[in-house]
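Asker: Just so we're aligned: the sequence shown equals residues 71 to 706 in our numbering. Every residue, glycine too, gets a C-beta built ideally from N, C-alpha and C. Note that this is a predicted model, so its numbers are computed, not measured.
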Amino acid sequence: MTIRGGYQPHILRVDLTKQTITKEPLPSESVLRQFVGGVGLGLYYLLKEAPMDVKATDPRAPLMFMTGPLAGTPAPSSCNWVTICFHYSIPYAAGVGHGHGFWAAYLKHAGYEGIIITGKAAKPVYLWIDDDRVSIRDASHVWGMGTRETERRIKLELGDEEKISVACIGQGGESLMPGASVKADRNHGAGKGSPGAIMGSKNLKAIAVRGTGQVPLADSVALLDTVATWEKDMQLPEQMSIYNHLRDGGITRAYIRRGNNYGIAYKNMTDPEGGRSYAQNWVNACKRWKVTPKPSYNCKIGCAYDVQMTDGPLAGYVCSFCGGGENTEGAAAMIGVDNPSYAMMLTDYYDDIGVEAGTFGSVVGMAFEAYNRGWITKTDTGGLALTWGNWEAAMALIQQMLRREGFGAKLAEGLKLAPRILGDEKRLLNEFRKITVHVKGAGVNIHDWRPWWGTLFGQIIAGTGPSHQGLSSDNRPNDEVGYPQLTPGVVDTLEEALKKVDSVRMTQFCKLWWDSLGICWFAVSGVTHGLTSTAQAVRHTVGWDDYTNEEAMAVGERIVNMMRLVYVKRGFQKTEEFDMGPRFLEPAPAGPAKEKTLAPYLGPMVDEYYRQMGWEVATGRPTPTGLRRLGLSALA
Ligand code: SF4
Numbered sequence: 071m072t073i074r075g076g077y078q079p080h081i082l083r084v085d086l087t088k089q090t091i092t093k094e095p096l097p098s099e100s101v102l103r104q105f106v107g108g109v110g111l112g113l114y115y116l117l118k119e120a121p122m123d124v125k126a127t128d129p130r131a132p133l134m135f136m137t138g139p140l141a142g143t144p145a146p147s148s149c150n151w152v153t154i155c156f157h158y159s160i161p162y163a164a165g166v167g168h169g170h171g172f173w174a175a176y177l178k179h180a181g182y183e184g185i186i187i188t189g190k191a192a193k194p195v196y197l198w199i200d201d202d203r204v205s206i207r208d209a210s211h212v213w214g215m216g217t218r219e220t221e222r223r224i225k226l227e228l229g230d231e232e233k234i235s236v237a238c239i240g241q242g243g244e245s246l247m248p249g250a251s252v253k254a255d256r257n258h259g260a261g262k263g264s265p266g267a268i269m270g271s272k273n274l275k276a277i278a279v280r281g282t283g284q285v286p287l288a289d290s291v292a293l294l295d296t297v298a299t300w301e302k303d304m305q306l307p308e309q310m311s312i313y314n315h316l317r318d319g320g321i322t323r324a325y326i327r328r329g330n331n332y333g334i335a336y337k338n339m340t341d342p343e344g345g346r347s348y349a350q351n352w353v354n355a356c357k358r359w360k361v362t363p364k365p366s367y368n369c370k371i372g373c374a375y376d377v378q379m380t381d382g383p384l385a386g387y388v389c390s391f392c393g394g395g396e397n398t399e400g401a402a403a404m405i406g407v408d409n410p411s412y413a414m415m416l417t418d419y420y421d422d423i424g425v426e427a428g429t430f431g432s433v434v435g436m437a438f439e440a441y442n443r444g445w446i447t448k449t450d451t452g453g454l455a456l457t458w459g460n461w462e463a464a465m466a467l468i469q470q471m472l473r474r475e476g477f478g479a480k481l482a483e484g485l486k487l488a489p490r491i492l493g494d495e496k497r498l499l500n501e502f503r504k505i506t507v508h509v510k511g512a513g514v515n516i517h518d519w520r521p522w523w524g525t526l527f528g529q530i531i532a533g534t535g536p537s538h539q540g541l542s543s544d545n546r547p548n549d550e551v552g553y554p555q556l557t558p559g560v561v562d563t564l565e566e567a568l569k570k571v572d573s574v575r576m577t578q579f580c581k582l583w584w585d586s587l588g589i590c591w592f593a594v595s596g597v598t599h600g601l602t603s604t605a606q607a608v609r610h611t612v613g614w615d616d617y618t619n620e621e622a623m624a625v626g627e628r629i630v631n632m633m634r635l636v637y638v639k640r641g642f643q644k645t646e647e648f649d650m651g652p653r654f655l656e657p658a659p660a661g662p663a664k665e666k667t668l669a670p671y672l673g674p675m676v677d678e679y680y681r682q683m684g685w686e687v688a689t690g691r692p693t694p695t696g697l698r699r700l701g702l703s704a705l706a
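(1) Beta-carbon within less than 8 Å of Gly528's beta-carbon, same chain only, minus the 5 sequence neighbours each way: which residues are those?
(2) In terms of residues, what are the limits of the beta strand (DSSP E) holding Lys253?
(3) Counting pairs of beta carbons, one from the segment 641–650 and one from the segment 489–500, are three or more of them closer than 8 Å?
(4) Going by DSSP, what residue range makes up the alpha helix (DSSP H) through Thr598?
(5) Considering Cα atoms alone, identify which of Gly243, Val676, Gly661 is closest to Ala567.
(6) Check whether the Cβ of Gly673 sits closer than 7 Å to any heavy atom of the ligand SF4, and report yes or no.
(7) Specify, as a first and last residue, the run of the beta strand (DSSP E) that Ala164 falls within.
(8) Do the CB positions of Pro129 and Lys225 come within less than 8 Å of each other?
(9) In terms of alpha-carbon separation, which member of Asp544, Ala209, Lys302, Lys88 lies closest to Ile277?
(10) By Cβ distance, which residues of its chain are closer than 8 Å to Met415, with the 5 residues on each side in sequence left out?
(11) Have a look at Asp649 and Ala163 and give me their C-alpha separation to the nearest angstrom.
(12) Could you pull out every residue in the same chain whose Cβ sits closer than 6 Å to the Cβ of Tyr182, ignoring the five residues on either side in sequence?
(13) Using 8 Å as the cut-off, can you tell me whether the segment 152–170 makes contact with the segment 502–512, which would need three or more C-beta pairs spanning the two stretches below that distance?
(14) Please go through the same chain and pick out, in chain order, the residues whose beta-carbon is closer than 6 Å to the beta-carbon of Asp408, but skip the five residues on each side of it.
(15) Check whether the segment 399–408 and the segment 362–373 touch, using three or more Cβ-Cβ pairs below 8 Å as the test.
(16) Whole-angstrom Cβ separation of Trp173 and Asp255, contact assumed at under 8 Å?
(17) Please find out if some non-hydrogen atom of the ligand SF4 comes closer than 7 Å to the beta-carbon of Gly484.
(18) Confirm, please, whether the CB-CB distance from Cys392 to Ala374 is below 8 Å.
(19) Under 8 Å by Cβ, that's how I've got Ala145 and Ala607 pegged, so tell me the actual separation to the nearest angstrom.
(20) Could you give the distance in angstroms between the alpha-carbon of Pro95 and the alpha-carbon of Thr618?
(21) Could you tell me which residues DSSP puts in a beta bridge with Pro194?
(22) What residues match up with Gln133 in a beta bridge as DSSP calls it?
(23) Under 7 Å from any heavy atom of the ligand SF4, does the C-beta of Pro713 make it?
(24) Within 10 Å of its beta-carbon, does Lys118 have 16 or more other beta-carbons around it, so buried, or fewer, so exposed?
(25) Taking Cβ positions, are Asp318 and Pro659 nearer each other than 8 Å?
(26) Since Tyr419 and Ala427 are thought to touch, with beta carbons under 8 Å apart, how far apart are those beta carbons, to the nearest angstrom?
(27) Contact between the segment 305–315 and the segment 221–237: three or more CB pairs below 8 Å?
(28) Taking 7 Å as the cut-off, is the CB of Gly372 close to at least one heavy atom of the ligand SF4?
(29) Is it a yes or a no for the segment 619–630 touching the segment 479–486, going by three-plus beta-carbon pairs under 8 Å?
(30) With a 10 Å radius around its C-beta and 16 neighbouring C-beta atoms as the bar for buried, classify Arg681 as buried or exposed.
(31) Closest by CA to Val285, which one among Arg490, Lys272, Val612?
(32) Specify, as a first and last residue, the run of the beta strand (DSSP E) that Thr90 falls within.
(33) Would you say the beta carbon of Cys389 comes nearer than 7 Å to a heavy atom of the ligand SF4?
(34) Provide the residue span of the beta strand (DSSP E) that contains Ile81, from first to last.
(35) Since Leu177 and Thr137 should fall inside the 8 Å C-beta cutoff, what is the C-beta to C-beta distance between them, to a whole number of angstroms?
(36) Is His179 near the ligand SF4, judged by its Cβ being under 7 Å from some heavy atom?
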């Protein structure tokens, strides 16, 4: 067993307090084979060396950026970078975010698998990685700027706009906003766990990277063969691959389907019918306007895109988006802004200040619903009329949040504290809690998931706070893990509901394996043989000739258990599994989830999930036997 490719030799360690940079060899091959890279390797370091009793923003708490053995190789969409930290909004969880673009490939080409950052700089700084030359530089001149301008200025300063990628925070991260993201290459960013707030707490504004090397490959001919088959599979018609669904900025065409399925989180999830016309308006506008796909490194899908508005009140304005619909649902649909000009501008603004729409947008959505219900008035908001669709008031409110001023300062406390503050003031505590869309205090990947109970359960049970880990077969089939066809999203009996648990668990293992490789999940989701192709690609890239699908799935299972170990070490209690805003458990006003809800089945589904994971049903803790089987005893 020898590593012959895929991995670069070093992890970069940066201590911002001491201003030191060290290049550290990777862990042993047996460790790499167990944890692989990306989220797996990041959690390995987190469990091995981070103090478990500190807050996410404590200088001793690490912020990591990890890639994976396929990043920067010819594998499809080989551009995934993962942020790993303690979760900013969930005190017992790790936070894991994913970003794409070019940054991960360039980091690999510079010779590094990842970066582990601890400490806190005395003043704003950025990190400049230029192949083997790594330095910490002053960032005072870009502090206070948005992500787009920061990226532009740093590239100009470093004198190379083409070959440098910049991952940075905006005002959201600087002001430690819940949901603050790290953005890179304009159209991409990582938001889950609020890594932008962790960067802000460390006074780290950006990480610029240029890499001119290559990733070694154990068997390049065999890898290219695998890649050819993988890409052919991805493009097979009739299957629910992201290639078929979102190719070339495809959400600008495909968004209608989500609307018609009552899946748009419109007006704080009170109006799925309104969501249908929201999606239709977006698609109609994109038909007239100029849409330019912006593919990431080595990506044939190109779901990310720019839109130049050619008519309407903002004609000439260019917006830059990533590929899904969550960004705009959190920023604009949640508050009922259905004019596409303003909806796009608001979405673009979220990305510029660097905030993730599911968390930040849900807090704003809660305030808008409270205003429209008459629970708060202009007297409370300092004169802002938060009527549905009032994008100007939303902009003003966001500014207040970033400055932590006035009414905005209360919302800046996040999805758990903000409703408590407002509810206490109005003596309507339960009412405010009821309209706040969150799971465990963090924002979900914001769509209306009520018509898809498997996916919703996957968000609830995800081991790093709500996120796409186990999508289940409600949303996308995965024949290799036993679910070749879509399953109905809403069911009628407990027996049928319990059947969803295994599909969530198996797709979770598969997804977390993919998240350890350094590829974008969109290159494999819904793709025939997505598991086999990736296991094969690792064989040919790294040189682990006997790597099997079973070993790959075991990596996923190991990662789920590592996430749970962080929970346990940081004080998780089983009751917290059910800590969520009740809106997701209410029947939807329209669509397949009308008059139906996951609520009565959730408790038994959680117990069943614990049983299938081999965890104690009473506590949700992994057992020593299970941990030993997975090789995790030392980390436990
Ligand atoms: S599919 Fe979209 S997010 Fe993924 S790598 Fe390609 S452009 Fe980036």
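Answerer: In terms of the structure at hand:
(1) Looking up residue 528 in the sequence shown gives position 458. Around Gly528: His538, Gln539, Gly540, Leu541, Ser542, Val574, Thr577, Gln578.
(2) Counting from one through the sequence shown, the residue named residue 253 turns up at place 183. Per DSSP, the unbroken beta strand (DSSP E) holding Lys253 starts and ends at 252–254.
(3) no
(4) By one-based count along the sequence shown, residue 598 stands at place 528. Segment: none, Thr598 is in no alpha helix (DSSP H) and carries neither H nor E.
(5) Locating residue 567 in the sequence shown gives position 497, where the first residue counts as 1. The residue with the shortest Cα to Cα distance from Ala567 is Val676.
(6) Position 603 of the sequence shown holds residue 673. Checking every heavy atom of the ligand SF4 against the Cβ of Gly673, none is found closer than 7 Å.
(7) To locate residue 164, count along the sequence shown from 1; it is residue 94. Element bounds for Ala164: 164–169.
(8) For the purposes of this step, residue 129 is taken as residue 59 along the sequence shown, with counting starting at 1. For the purposes of this step, residue 225 is taken as residue 155 along the sequence shown, with counting starting at 1. Not a contact, by the Cβ cut-off of 8 Å.
(9) Looking up residue 277 in the sequence shown gives position 207. For the residues Asp544, Ala209, Lys302, Lys88, the minimum Cα distance to Ile277 belongs to Ala209.
(10) Here residue 415 is taken as the residue at index 345 of the sequence shown, counted from 1. Counting only Cβ-Cβ distances below 8 Å, and skipping sequence neighbours, we find Leu384, Tyr387, Cys389, Trp461.
(11) Here the question's residue 649 lines up with position 579 in the sequence shown. Here the question's residue 163 lines up with position 93 in the sequence shown. Looking at the backbone, the Cα of Asp649 and that of Ala163 are separated by about 13 Å.
(12) If you number the sequence shown from 1, residue 182 lands on position 112. Cβ contact annotation for Tyr182 (same chain, cutoff 6 Å, sequence separation greater than five): Gln78, His80, Leu82, in chain order.
(13) They touch, by the three-pair rule.
(14) Residue 408 sits at position 338 when you count from the first residue of the sequence shown. Same-chain partners within the cutoff: Tyr348, Asn351.
(15) no
(16) Translated into positions along the sequence shown, residue 173 becomes position 103. Translated into positions along the sequence shown, residue 255 becomes position 185. Contact between Trp173 and Asp255 holds, since their C-beta atoms are separated by about 6 Å, short of 8 Å.
(17) In the sequence shown, residue 484 corresponds to position 414, counting from 1. Every heavy atom of the ligand SF4 is 7 Å or more from the Cβ of Gly484, so no.
(18) By 1-based counting over the sequence shown, the position of residue 374 is 304. By 1-based counting over the sequence shown, the position of residue 392 is 322. Their beta carbons are under 8 Å apart, which means Ala374 touches Cys392 by this criterion.
(19) Your numbering for residue 145 matches position 75 in the sequence shown. Your numbering for residue 607 matches position 537 in the sequence shown. With a contact defined as Cβ atoms closer than 8 Å, Ala145 and Ala607 qualify at about 5 Å.
(20) Residue mapping note: residue 95 aligns to position 25 of the sequence shown, counting from 1. Residue mapping note: residue 618 aligns to position 548 of the sequence shown, counting from 1. It is roughly 26 Å from the alpha-carbon of Pro95 to the alpha-carbon of Thr618.
(21) The sequence position of residue 194 within the sequence shown is 124, counting from 1. Answer by DSSP bridge pairing: none, since Pro194 is not bridged.
(22) On the sequence shown, position 63 is the one that residue 133 refers to. The question names Gln, but residue 133 is Leu in the sequence shown. Answer by DSSP bridge pairing, in chain order: Ile187.
(23) For the chain, the structure presents residues 71 to 706; residue 713 sits outside this window and is missing.
(24) If you number the sequence shown from 1, residue 118 lands on position 48. By the 10 Å Cβ count, Lys118 comes out exposed.
(25) If you number the sequence shown from 1, residue 318 lands on position 248. If you number the sequence shown from 1, residue 659 lands on position 589. If you check the CB distance, Asp318 and Pro659 do not come in under 8 Å.
(26) Translated into the one-based positions of the sequence shown, residue 419 becomes position 349. Translated into the one-based positions of the sequence shown, residue 427 becomes position 357. No, Tyr419 and Ala427 are not in contact; Cβ-Cβ is about 11 Å, not under 8 Å.
(27) Note that the segment 305–315 does not touch the segment 221–237; fewer than 3 beta-carbon pairs, one per stretch, sit closer than 8 Å.
(28) Taking the first residue of the sequence shown as 1, we reach residue 372 at position 302. For the ligand SF4, at least one heavy atom lies less than 7 Å from the Cβ of Gly372.
(29) no
(30) For this step, residue 681 is matched to residue 611 along the sequence shown. That one is exposed.
(31) Indexing the sequence shown from 1 puts residue 285 at position 215. Cα-wise, what sits closest to Val285 is Val612.
(32) Numbered from 1 along the sequence shown, position 20 holds the residue referred to as residue 90. It spans 90–95 - the beta strand (DSSP E) in which Thr90 sits, taken as one unbroken run.
(33) Mapped onto the sequence shown, residue 389 falls at position 319. Closer than 7 Å to some heavy atom of the ligand SF4: that does not describe the Cβ of Cys389.
(34) Taking the first residue of the sequence shown as 1, we reach residue 81 at position 11. Ile81 -> beta strand (DSSP E) spans 80–85.
(35) Position 107 of the sequence shown, counting from 1, holds the residue named residue 177. Position 67 of the sequence shown, counting from 1, holds the residue named residue 137. Confirmed, about 6 Å.
(36) Start at 1 with the first residue of the sequence shown, and residue 179 comes out as number 109. Here the distance from the Cβ of His179 to the nearest heavy atom of the ligand SF4 is not below 7 Å.
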